[in-house]
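Report on the following structure.
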Amino acid sequence: ELQTTELLFDGYFDLLDEVQTNILVTAITFESREDTFYKELGKRDLNIAFADLDRRIQRLQYRQERYGIKTSIKALDASLSSVVNAWSKGCDFEELSKYTDASDGDIVRGLRLAINLLRQIKRAIPQHEFLQGKLENCIARMNRGVVDAELQLRSA
């Protein structure tokens with residue numbers, strides 16, 4: 057993921073807290089459905105950060121077009137941000153219906169995709185102990201309950 061690499065080397069993952077990091081990673085991986093309600097997060101600071109990130113990704117998309125690169129970089133999709141914010145802060149899964157009318161499966165899939173990207177980033181930076189620990193905490197905040205695939209398999 058080109059946008060992940062750009063954001064990593066520009067230090068965004070170092071600057072954001074764990075919840076914000078989870079929101080960012082989910083925005084990278086998530087693709088919302090048009091017919092689904094998503095409550096906006098409404099956090100001014102995070103919205104400013106996302107505007108800057110969006111501009112960076114738009115510049116990358118422009119460069120791709122300019123040099124004739126066919127595969128397009130996906131724009132950030134912050135639709136699931138309020139869900140990720142609440143889930144990363146420990147809410148029960150049932151409470152997430154306040155933030156979206158997406159199906160439980162779509163929510164779980166969106167969170168699991170983000171967890172997978174967090175793990176990939178963590179593996180890519182073995183020398184960066186601070187960020188490794190932070191990403192492990194990010195994963196722990198999201199990979200719980202019905203989202204934890206290993207737990208689901210063990211309890212089946």
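The opening residue of the sequence shown carries number 57 in our numbering; numbering runs sequentially from there. Ideal Cβ placement from N, Cα and C applies to all residues, glycine included.
Alpha-carbon to alpha-carbon, residue j and residue i
i	j	result
leucine 167	asparagine 193	15 angstroms
isoleucine 84	leucine 173	9 angstroms
arginine 210	valine 202	12 angstroms
serine 88	valine 75	20 angstroms
glutamine 117	threonine 127	9 angstroms
arginine 100	phenylalanine 106	10 angstroms
arginine 115	isoleucine 79	21 angstroms
Local conformation of residue i per DSSP, three classes
i	result
tyrosine 68	helix
tyrosine 94	strand
threonine 60	helix
Pair within 8 angstroms by beta-carbon distance, residue i and residue j
i	j	result
tyrosine 94	leucine 136	yes
leucine 191	lysine 178	yes
isoleucine 171	methionine 198	yes
threonine 92	aspartate 160	no
N-terminal and C-terminal residue of the alpha helix (DSSP H) that residue i is part of
i	result
glutamate 24	Limits of the chain in this structure are 57 at one end and 212 at the other, which puts residue 24 out of reach.
alanine 170	160-180
arginine 17	Nothing can be reported for residue 17, as the shown portion of the chain is limited to 57 through 212.
isoleucine 125	Premise fails: isoleucine 125 is in no alpha helix (DSSP H) and is neither H nor E.
isoleucine 84	74-85
Cβ distance (whole Å) where residue i is taken to contact residue j below 8 angstroms
i	j	result
glutamine 59	isoleucine 129	5 angstroms
threonine 187	phenylalanine 69	Position check: residue 187 holds leucine in this sequence, whereas threonine was assumed. Confirmed, Cβ separation roughly 6 angstroms.
valine 164	threonine 82	Actually they do not touch by this definition, with Cβ atoms about 12 angstroms apart.
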